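Undergrad: Chains as they are written, first to last, in full-length UniProt numbering: chain A, 1 to 233; chain B, 1 to 233.
Number of protein chains: 2
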Amino acid sequence: MKKSIDAELKKNFQIEFNDESLLDEALTQASYVNEHPNQGLKFYERIEFLGDAVLQLIVSEYIFKRYPEMPQGKLTRLRAAMVCETSFSQFARECHFDQYIRLGKGEEKGGARNRSSLLCDIFESFVGALYLDQGRPAVEKFVHTVIFPKLDTGAFDHVIDYKTNLQEVLQRDGDALIHYDLLNEAGPDNELDFEVAVFDDKRKLGVGTGKSKKIAEQAAAKDALQALRVKNV
Amino acid sequence: MKKSIDAELKKNFQIEFNDESLLDEALTQASYVNEHPNQGLKFYERIEFLGDAVLQLIVSEYIFKRYPEMPQGKLTRLRAAMVCETSFSQFARECHFDQYIRLGKGEEKGGARNRSSLLCDIFESFVGALYLDQGRPAVEKFVHTVIFPKLDTGAFDHVIDYKTNLQEVLQRDGDALIHYDLLNEAGPDNELDFEVAVFDDKRKLGVGTGKSKKIAEQAAAKDALQALRVKNV
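1. Which residues in chain A have a C-beta closer than 8 Å to the C-beta of Gln56/B? List them in chain order.
2. For Leu27/B, which option in Glu45/B, Val139/B, Glu85/B and Leu166/B has the closest C-alpha, if you only look at C-alpha atoms?
3. Using CA atoms only, rank isn't needed, just tell me which of Phe13/A, Ala53/A and Val83/A is closest to Ser117/A.
4. Would you verify that the beta carbon of Leu50/A is, or is not, closer than 8 Å to some beta carbon of chain B?
5. Determine the DSSP secondary structure at Asn184/B, reduced to helix, strand or coil.
6. Beta carbon of Ile160/A, beta carbon of Leu78/A: below 8 Å?
7. Flag Val83/B as yes when its Cβ comes closer than 7 Å to any non-hydrogen atom of the ligand PLP, and as no otherwise.
8. Taking a Cβ distance cut-off of 8 Å, strictly less, list which residues of the region 25-51 of chain A are near chain B, in chain order.
9. Apply the 10 Å Cβ neighbour rule to Lys65/A and answer buried if 16 or more other Cβ atoms are within range, or exposed otherwise.
10. Output yes or no for whether 8 Å exceeds the beta carbon distance between Tyr100/B and Leu50/B.
11. Based on the DSSP output, what are the partners of His179/B in its beta bridges?
12. When you check each C-beta in the region 89-102 of chain B against every C-beta of chain A, which residues fall closer than 8 Å?
13. Within its chain, find whatever has a CB closer than 7 Å to the CB of Ala224/B; leave out the 5 residues flanking it on each side and keep chain order.
14. Put Asp161/B into one of helix, strand or coil per three-state DSSP.
15. State the DSSP-derived secondary structure class of Arg102/B, mapped to helix, strand or coil.
16. Arg115/B: which of Asp181/B, Gln29/B, Ala220/B and Lys222/B sits nearest, CA to CA?
17. Counting only C-beta atoms, is Glu217/A closer than 8 Å to chain B at any point?
18. Given 8 Å as the limit, is there contact between the region 132-140 of chain B and the region 95-110 of chain B, that is, 3 or more CB pairs closer than that?
19. For a cutoff of 8 Å on Cβ pairs, would you count Asn184/B as touching chain A?
20. By the 10 Å Cβ neighbour count, where 16 or more other Cβ atoms means buried, how is Lys10/B classified, buried or exposed?
21. According to DSSP, is Phe49/A part of a helix, a strand, or is it coil?
22. Taking Val59/B as the reference, which of Lys150/B, Asp175/B, Asp200/B and Pro188/B has the closest Cα?
23. If I'm right that Tyr180/A touches Val196/A with Cβ under 8 Å, what's the distance once you round it to whole angstroms?
24. Compare the C-beta of Gln134/A against all C-beta atoms of chain B and say whether one is closer than 8 Å.
25. Thinking C-beta only, is Thr145/A closer than 8 Å to Phe13/A?
26. Hey, quick one: how far does the alpha helix (DSSP H) through Lys42/A stretch, first residue to last?
27. What residue from Gly210/B, Gly40/B and Arg172/B has the CA that sits closest to Leu228/B's CA?
28. Relative to the C-alpha of Ser33/B, which candidate in Leu119/B, Glu107/B and Asp200/B has its C-alpha closest?
29. Does the Cβ of Glu191/B have 16 or more other Cβ atoms within 10 Å, making it buried, or fewer, making it exposed?
30. Does the beta-carbon of Gly111/A have 16 or more other beta-carbons within 10 angstroms, so that it is buried, or is it exposed?
31. Taking the C-alpha atoms as reference points, what is the distance between Lys213/B and Asp200/B?
32. Helix, strand or coil for Thr145/A per DSSP?
33. By DSSP's criteria, Lys150/A is part of a beta bridge. Which residues make up the other side?
34. Let me confirm a value: Lys163/A is counted as buried when at least 16 other C-beta atoms fall within 10 Å, else exposed. Which label applies?
35. Going along chain C in order, which residues have a C-beta closer than 8 Å to the C-beta of Gln72/B?
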């Protein structure tokens with residue numbers, strides 16, 4: 001078991017622990033320690049406490065800088081969507097951490113290995129262990145691989161209002177008048193695809209499609225924001 | 001106004017901002033911005049969002065390392081006592097931040113300047129500004145002056161169970177038998193002072209006093225922990 005997580009971490013994330021005992025601790029539940037007394041084993045909870053705070057800061061700082069016009073309320077909602085049991089348990093599964101957790105027999109039988117709350121904890125404890133072993137830069141690199149690309153693939157779009165965000169970005173330099181136009185509707189009646197573009201008074205800023213005009217407008221605003229970001233970088 | 005906060009920060013904390021606009025932003029409430037439109041002012045809320053996460057991590061990491069045997073549940077309770085409105089608003093007052101907040105007239109009349117929730121926000125936004133301006137080391141230094149000494153003066157003692165903590169530390173090397181003995185009771189009947197010492201099987205580990213035996217025992221355990229820490233450093 002131990003060999004394969006090392007191999008997976010190296011292959012998928014170029015991570016090699018200096019202190020392997022930190023990785024062991026991060027992947028061990030109290031129930032396993034209780035079943036193996038006198039082995040000096042530690043369970044993940046303390047490291048998880050630290051990992052949670054590490055993730056909070058790295059995610060907060062990233063979205064704070066990436067969305068310079070996003071008000072606090074939205075930053076808080078976005079962070080809550082990124083730093084939550086649903087997200088972290090999914091990331092833990094993607095990283096295959098679920099396969100390497102050391103559980104007591106009762107917990108194993110009870111299905112703990114697939115329990116989102118445990119997987120969320122393990123994602124945090126892994127990050128805590130990596131932070132203790134190699135410091136913040138290693139965690140940043142890991143999080144830039146596992147979490148942040150999902151901002152671009154739309155995993156957290158339900159909490160980001162791109163239309164408002166675009167309006168705010170454009171208003172930095174004074175009033176901004178933008179409008180959304182329907183370019184195209186295609187497909188069978190019950191499965192229409194809408195194509196929408198967003199314009200300011202001079203040019204087309206972005207284009208998006210979706211199953212409703214509202215979704216297509218959000219996609220167009222997101223496209224415009226990405227184009228503006230590329231231009232401004 | 002601006003001059004004196006600069007002077008206070010320099011004198012009390014050896015802090016000088018490179019980008020003064022960050023400090024302005026950290027001390028400005030939305031109500032003030034609303035009353036002074038077209039001046040390009042920003043209010044503290046976004047920076048506070050960041051400062052909150054910075055404080056969470058620095059406090060978490062400090063207590064994680066300082067109390068290496070403290071279980072997660074207690075770490076979480078201790079962090080909650082340190083990172084909370086009551087504590088942060090008190091720190092803001094100690095730093096005299098309350099004197100420098102820029103408020104709208106209505107908020108001023110409504111007593112916002114003394115409102116704990118606002119002072120807590122301002123403490124976080126100050127930390128966020130310092131972090132953006134000078135990075136984590138400057139915040140660490142500030143927090144080591146403003147927050148961490150209070151762990152030694154007992155400000156958070158109500159959430160730390162020193163007796164259990166001492167037991168846990170001593171058990172690291174196997175079973176530990178300790179006992180608490182009353183050394184002295186003094187004072188008038190309704191205001192007794194108790195003096196208690198804690199011993200292991202060989203020696204006296206610490207001494208403490210208090211208005212009850214329970215308080216004196218906690219003080220003795222705390223004294224023993226400090227003595228052990230000095231010995232182990």
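Yeah, the Cβ is synthetic: ideal placement off N, Cα and C, and Gly gets one too. It should be emphasised that the depicted structure is a prediction, and the values quoted were computed from it without experimental measurement.
TA: Looking at the coordinates:
1. To locate residue 56/B, count along the second sequence from 1; it is residue 56. By Cβ distance, chain A contributes Ala53, Gln56 and Leu57.
2. The residue you call residue 27/B lines up with position 27 of the second sequence. Per the Cα distances, Glu45/B.
3. Locating residue 117/A in the first sequence gives position 117, where the first residue counts as 1. Closest option to Ser117/A, Cα to Cα, is Val83/A.
4. Looking up residue 50/A in the first sequence gives position 50. Cβ-Cβ to chain B under 8 Å: yes for Leu50/A.
5. To locate residue 184/B, count along the second sequence from 1; it is residue 184. DSSP places Asn184/B in strand when its eight states are reduced to three.
6. Against the first sequence, residue 160/A aligns to sequence position 160. Against the first sequence, residue 78/A aligns to sequence position 78. Yes, Cβ-Cβ distance for Ile160/A and Leu78/A is below 8 Å.
7. No copy of the ligand PLP occurs in the structure displayed, which carries no ligand at all.
8. Glu45, Arg46, Glu48, Phe49 and Leu50
9. Along the first sequence, one-based indexing puts residue 65/A at 65. By the neighbour-count rule (16 or more Cβ atoms within 10 Å), Lys65/A is not buried but exposed.
10. Locating residue 100/B in the second sequence gives position 100, where the first residue counts as 1. Locating residue 50/B in the second sequence gives position 50, where the first residue counts as 1. Going by C-beta atoms, Tyr100/B is not nearer than 8 Å to Leu50/B.
11. Position 179 of the second sequence, counted from the first residue, corresponds to residue 179/B. BP columns for His179/B point to Phe199/B.
12. none
13. As a first step, residue 224/B must be located in the second sequence, where it is residue number 224. Only Leu166, Val198, Leu205 and Gly206 meet the Cβ criterion.
14. Here residue 161/B corresponds to residue number 161 of the second sequence, with the count starting at 1. DSSP places Asp161/B in coil when its eight states are reduced to three.
15. Reading the second sequence from its first residue, position 102 is the one you call residue 102/B. Here Arg102/B sits in strand by DSSP.
16. What you label residue 115/B is simply residue 115 of the second sequence in a count that begins at 1. The option with the nearest alpha carbon to Arg115/B is Gln29/B.
17. Along the first sequence, one-based indexing puts residue 217/A at 217. Taking Cβ atoms only, chain B never reaches closer than 8 Å to Glu217/A, which makes this a no.
18. no
19. The residue you call residue 184/B lines up with position 184 of the second sequence. No, Asn184/B lies away from the interface with chain A (no Cβ there is under 8 Å from its Cβ).
20. What you label residue 10/B is simply residue 10 of the second sequence in a count that begins at 1. Classification for Lys10/B: exposed.
21. In the first sequence, the residue the question calls residue 49/A occupies position 49. The answer is helix: DSSP assigns Phe49/A an H, G or I state.
22. Position 59 of the second sequence holds residue 59/B. Checking every option, the nearest Cα to that of Val59/B belongs to Lys150/B.
23. Reading the first sequence from its first residue, position 180 is the one you call residue 180/A. Reading the first sequence from its first residue, position 196 is the one you call residue 196/A. Confirmed, Cβ separation roughly 5 Å.
24. Here residue 134/A corresponds to residue number 134 of the first sequence, with the count starting at 1. No, Gln134/A lies away from the interface with chain B (no Cβ there is under 8 Å from its Cβ).
25. Residue mapping note: residue 13/A aligns to position 13 of the first sequence, counting from 1. Residue mapping note: residue 145/A aligns to position 145 of the first sequence, counting from 1. Yes.
26. Taking the first residue of the first sequence as position 1, residue 42/A is located at position 42. It is not in any alpha helix (DSSP H) - Lys42/A carries neither H nor E in the DSSP assignment.
27. Within the second sequence, residue 228/B is the residue found at index 228, counting from 1. Looking at the Cα atoms, Arg172/B is the closest of the given residues.
28. Within the second sequence, the letter at position 33 stands for residue 33/B. Checking the sequence shown, residue 33/B turns out to be Val, not Ser. The shortest Cα separation from Val33/B among Leu119/B, Glu107/B and Asp200/B belongs to Glu107/B.
29. Here residue 191/B corresponds to residue number 191 of the second sequence, with the count starting at 1. With fewer than 16 other Cβ atoms within 10 Å, it is exposed.
30. As a position in the first sequence, residue 111/A is number 111, starting the count at 1. Exposed, because fewer than 16 other Cβ atoms sit within 10 Å of the Cβ of Gly111/A.
31. As a working note, residue 213/B is residue 213 in the second sequence. As a working note, residue 200/B is residue 200 in the second sequence. Near 18 Å, if we compare the C-alpha coordinates of Asp200/B and Lys213/B.
32. Residue mapping note: residue 145/A aligns to position 145 of the first sequence, counting from 1. It is helical.
33. As a working mapping, residue 150/A is identified with position 150 in the first sequence. Answer is none; Lys150/A lacks a bridge partner.
34. Position 163 of the first sequence, counting from 1, holds the residue named residue 163/A. When all chains shown are included, Lys163/A counts as buried.
35. Although the question refers to chain C, the structure presented lacks it and instead comprises the protein chains A and B.
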